[in-house]
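S.K.: Read in order, the letters of the sequence shown correspond to residues -25 to -1, 1 to 651 in mature numbering (1 follows the signal peptide of the UniProt record, and there is no 0). I have a structure I would like to understand better, so I am pasting it below and will then ask my questions one at a time.
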Amino acid sequence: MDLLLSFFFIIITLLFVHVPPSVLAIDDKYEKCSAPFRCGNMDISYPFWGGDREEYCGYPGFNVDCNSGVPEITIADRIYRILEIISPSKKVIVAIQDYWDNNCPSNPGNSPLNFTIFDYSLDTRNITLYYGCPRQSANEQLLVYQFNCSTDETNTDTVNYFFTNNVILSAHSPYLETCTGRNVQVAVFGSTVEYINRDPVSANANRFLRYGFGLQWKANNDMCVRCEESNGVCGYDSDTSEFTCYCPDQPYPYTCPYSKAKGKLSHGAVGGIVAGCVVAGIVVIVLLLLIIRKRRKIAAQTKTRDLQTLPTSNGTTSTSTTSFSQSIPSYPSSKLDLERGMTSSYFGAHVFSYDELEQATHNFHPSKELGDGGFGIVYYGELKDGRLVAVKRLYENSLKRVEQFMTEIEILNKLRHPNLVTLYGCTSRHSRELLLVYEYIPNGTVADHLHGRNSNSGLLSWPIRLSIAVETAEALAFLHSSDVIHRDVKTNNILLENNFRVKVADFGLSRLFPTNVTHVSTAPQGTPGYVDPEYYQCYQLTDKSDVFSFGVVLIELISSLEAVDTNRHRHDINLATMAVNKIQNQALSELVDQSLGFERDYAVRSMVTSVAELAFRCLQQDREIRPSMQEVVEVLKGIQDEHFRTQKPEVVDITTDDAALLKNAPPPISPNSASF
């Protein structure tokens, strides 16, 4: 026995000594390039480099200087301030640094590019700036396009103008040719041009130059995608002037040893796997030898005991004075028995067979698809007992998906509420696929009715929207009272029955919240536009994270706008930010869906204003200022009850400002998404 153990440890030691170092060590460049460098509140990664991020972690021409917390990049000898990096779409939003605080820099010029590594984004346009034009009363119609270089310039002999490409200049071209200063073209967003054309009087030159414009980068984008898909980190080898994929063991030209695209292993990885298999084989052999030796010893001991208890010639039995203690492991009779024992019930949920659900959905036929969510496709089906069901088919059977699968089952079987979707059951986690079976909710989602396929139906009147808000808030308050945080509250997860009764769904991201704690620390997950900014910044999840998301839902119910819309002006892309700005500036009427009767119905106007006040409180960046979900329920019910008690609609002339809604509170920061 001792000799076998000694042999075992010698073999293991020798094998690990001879395992290639590349299998055991983490490559230095992989480790350094895996981490972005932070400048201000921005995390910067490939193709950008700078600060403590080495040049080989980026791409030539993408050097970023962090100047007092402001990331800056130099392109074609002109410095640009980086406002935002949108990695999934390979887009960066920049503004010309010379124009950031000065409409009239000492060297005004165009915004040139290095077109080998950058292109203007499709939503980029040009405006033209004319400097030093003579001040003439004959051209007073051009006053709306004037801008000053400083506040004390009103008495000078010259003026400056800005024009978009849509402004007809032919009548004024001779006059503009007399401008003594330079005329330059500067890139801006298309939405900025539309804003100027719509309301040139209100256009502020410095402000729309600060909005910046978009650039698409070209830095071996396709190669980088393949590298990242193989769990590598993108980089560049200046010696070979080639793209490099840094992997945990060593750099590779394109992808890491195991790539989903190629499905191949490098020699180093093969050697490591072979070494690991040899180690595993030796372990198994040694364990088998130990088991055989143990069993032989037990058999010998049993034989000795039996011999010692044989009947004697006088009819008695002889017993040994030595007692033996043995513990023989008990094994299940079969693997099938083991699986049956593990899958007969998941937290009380019925376990369906895969074949049963395949038949219910006609082999998951595309015509049965109800929707495509973040974690899987949902299919319509009919069970043999006649029940109509929605079957969620998770995208992949990975450890993370199994965890979300189990979480949703545990929560939905633990909790019962009239406004929570009912879970009928699931497949075994050993099944061919992970499937969840819910009651079928026929009337789609709130998102469908607000800004989706049913948005033109006109069925969501204001009383129905208010009822949806109340029932959703009640469901979330119930979850919080049961120590559950939903973590993905959004209009796509609020289902509607035919009578518009609410059923909150999709608990894959939910967390069972430990008692006696103020928060749990976890990487932010959720849907862009709904994620609590404090959760995003501090990685601390609380029930107030759901409150923020519900605040966005309230604004959607008021406005019928989407939580995120890149077609809106840059500062209005995020609905939460847009709403807070409108409310603070007493411009609620610009936010409200006018089909609700806000301008003509006193009762609707009063209720919408009250709900907007509540949404404003929910959207505060400081979670301590936000109300609890229970308080939200009470406020919404109060608004609803007041309407039923005093139902006195009247037509009013809206001449006064909207109610002042907590004007002094700071607006919440709009988190970047990426991509929870």
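Yeah, the Cβ is synthetic: ideal placement off N, Cα and C, and Gly gets one too.
With C-beta atoms as the reference, is A538 less than 7 Å away from L529?
M.R.: Result no, Cβ atoms of A538 and L529 do not sit closer than 7 Å.
S.K.: Only counting the same chain, and skipping five residues up and downstream in sequence, which positions put a Cβ closer than 8 Å to that of L390?
M.R.: F453, L454, S457 and V459
S.K.: From what residue to what residue does the alpha helix (DSSP H) around H405 run?
M.R.: Careful: H405 lies outside any alpha helix (DSSP H) and carries neither H nor E.
S.K.: If you scan the stretch 135 to 207 from start to end, which runs of the alpha helix (DSSP H) of 4 or more residues do you find wholly inside it?
M.R.: 148 to 151, 165 to 173, 180 to 185 and 196 to 204
S.K.: Suppose you measure from the CA of V45 to the CA of R185; what does that come to, to the nearest Å?
M.R.: 14 Å
S.K.: How would you write the range of the alpha helix (DSSP H) that L425 sits in, first residue to last?
M.R.: Unbroken alpha helix (DSSP H) run through L425: V421 to H426.
S.K.: On the three-state DSSP scale, how would you describe Y229?
M.R.: coil
S.K.: Buried or exposed for R173, going by 16 or more other Cβ atoms inside 10 Å?
M.R.: exposed
S.K.: Exposed or buried, which one is D3 when buried takes at least 16 other CB atoms within 10 Å?
M.R.: Answer is exposed; the Cβ neighbour count stays below 16.
S.K.: Tell me the DSSP bridge mates of M17?
M.R.: C14
S.K.: Just mark P228 as buried or exposed, buried being the case when its beta carbon has 16 or more other beta carbons within 10 Å.
M.R.: exposed
S.K.: Is K278 buried or exposed, if buried means 16 or more other CB atoms sit within 10 Å of its CB?
M.R.: Summary for K278: the model assigns pLDDT 46, below 50, so the residue's position carries little reliability, and this model does not support an answer.
S.K.: Ends of the beta strand (DSSP E) at Y95?
M.R.: For Y95, the enclosing beta strand (DSSP E) starts and ends at F93 to Y95.
S.K.: Excluding the 5 residues flanking R362 on each side, which residues of the same chain have their C-beta closer than 6 Å to its C-beta?
M.R.: The answer is none, since no qualifying residue turns up.
S.K.: Need the endpoints of the beta strand (DSSP E) that P46 sits in, please.
M.R.: V45 to I50
S.K.: Helix, strand or coil: which one does DSSP assign to N101?
M.R.: strand
S.K.: Among N179, P226 and T91, which has the Cα closest to the Cα of N195?
M.R.: T91
S.K.: Once DSSP output is grouped into helix, strand and coil, what is the label at F415?
M.R.: Residue identity differs from the one stated: residue 415 is Tyr in this sequence, not Phe. Coil at Y415, not helix or strand.
S.K.: Less than 7 Å separating the beta-carbons of L345 and A365?
M.R.: In terms of Cβ geometry, L345 and A365 form a close pair [threshold 7 Å].
S.K.: H325 lies in the beta strand (DSSP E); which residues open and close that run?
M.R.: H325 to F327
S.K.: Tell me the DSSP bridge mates of A365?
M.R.: Y355 and Y413
S.K.: Pop quiz: I533 and V583 are said to be a contact at Cβ under 8 Å. What is the actual Cβ separation, rounded to whole angstroms?
M.R.: 6 Å
S.K.: Sorted by chain position, which residues of the same chain lie with C-beta nearer than 7 Å to R545's C-beta, five sequence neighbours on each side aside?
M.R.: So the list reads F164, S166 and Y186, once near-sequence residues are dropped.
S.K.: Of the choices Y105, I469, G33 and V464, whose alpha-carbon is the least far from that of N78?
M.R.: Y105
S.K.: Put L435 into one of helix, strand or coil per three-state DSSP.
M.R.: coil
S.K.: List the DSSP bridge partners of S478.
M.R.: First, the amino acid is wrong: residue 478 is Lys here, not Ser. DSSP lists L470 as partners of K478.
S.K.: Within the same chain, show all residues whose beta-carbon is closer than 6 Å to that of P11, passing over the 5 residues directly before and after it, in chain order.
M.R.: In chain order, D18, I19 and S20 place their CB closer than 6 Å to the CB of P11, counting only its own chain and leaving out the 5 sequence neighbours on each side.
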